[in-house]
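The next block holds one structure in the form of structure tokens; read it before the comments.
Numbering (our numbering), first residue to last: 7 to 122.
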């Protein structure tokens with residue numbers, strides 16, 4: 007409930023976007039999104055944060071992407087890797103697959119009505 011109270015104050019200040027956390031990462035973040043769905047903001051849009059789908063995975067079958075949709079926010083903020091070293095070492099994939107997962111993740115979220 008404390009996250010929602012903070013979000014209400016930020017909305018009062020005229021903040022455009024409020025990141026509520028990473029859905030599915032912990033119960034507090036999921037509770038924030040559940041409470042936010044029952045609340046109308048005057049100005050701000052609540053944002054769910056997360057990552058692109060995993061390499062060699064379709065966004066429709068990726069738990070992270072599904073949790074972003076289930077958060078029920080109008081907007082999502084996702085991150086992807088841009089440094090080739092991180093693509094190769096952290097994601098264990100290549101440049102082309104990295105570009106695909108970024109493209110497919112954004113496209114899938116937009117197809118589900120999300121501002122990305």
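Every residue gets a Cβ at the ideal spot worked out from N, C-alpha and C, and that includes glycine.
Same chain, Cβ closer than 6 Å to residue i, neighbours up to 5 away in sequence not counted
i	result
residue 73	29, 30
For residue i, the residue or residues it bridges with in DSSP
i	result
residue 54	27, 82
residue 121	81
As assigned by DSSP and simplified to three states, the class of residue i
i	result
residue 95	helix
residue 62	coil
residue 44	coil
residue 19	coil
residue 69	helix
residue 32	coil
residue 87	coil
residue 7	coil
Same chain, Cβ closer than 7 Å to residue i, five either side skipped, listed in chain order
i	result
residue 36	29, 30
residue 101	90, 93
Nearest to residue i (by Cα), restricted to the options the options
i	options	result
residue 99	60, 41, 11, 75	60
residue 118	23, 71, 105, 102	71
residue 25	48, 33, 9	9
residue 111	42, 43, 97, 64	64
residue 77	47, 109, 27	27
residue 50	58, 105, 14	14
residue 48	108, 120, 40, 23	23
residue 45	106, 12, 109	12
Beta-carbon proximity list for residue i, same chain, < 8 Å, skipping 5 on both sides
i	result
residue 115	65, 71, 74, 75, 82, 84, 122
residue 43	78
Sufficient close CB pairs (3 or more, under 8 Å) joining the region 66-81 to the region 48-58: yes
Inter-stretch contact (C-beta, 8 Å, three-pair minimum) for the region 86-98 and the region 15-22: no
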